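Here the structure comes first, spelled out in structure tokens, and everything after it is commentary.
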Amino acid sequence: MLSSIVNTVQRRVIEIFQTLKLAKKTSKDDYFTHLRLVLLAIGAVGGIGFMIKIVGELLFINK
6 MLSSIVNTVQ RRVIEIFQTL KLAKKTSKDD YFTHLRLVLL AIGAVGGIGF
56 MIKIVGELLF INK
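Per our numbering, the very first residue in the sequence shown carries number 6; after that it's consecutive.
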């Protein structure tokens with residue numbers, strides 16, 4: 006029982022290291038392009054949420 010668990014863990018660790026060996030580091034240009042897209046998406050979602058909040062406040066201002 007214990008040996009099968011150890012073997013499973015060892016195989017999994019070996020698979021992880023093999024995957025890491027195949028992975029390559031992204032270039033600085035790719036990194037900044039991805040960062041720009043992520044920040045733009047976060048800003049867009051925040052802007053939409055802000056607009057929904059403002060519209061909600063304006064609709065219920067008299068209550």
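The beta carbon of each residue, even a glycine, is placed where N, CA and C say it ideally should be.
Please read these numbers as outputs of a predicted model, since none were measured by experiment.
Span of the alpha helix (DSSP H) around T13:
L7 to L27
Can you tell me whether D66 is helix, strand or coil according to DSSP?
For clarity, residue 66 is Ile in the given sequence; the question names Asp instead. Note: I66 maps to coil in three-state DSSP.
Spatial distance of S8 from Q15 (CA atoms):
10 Å
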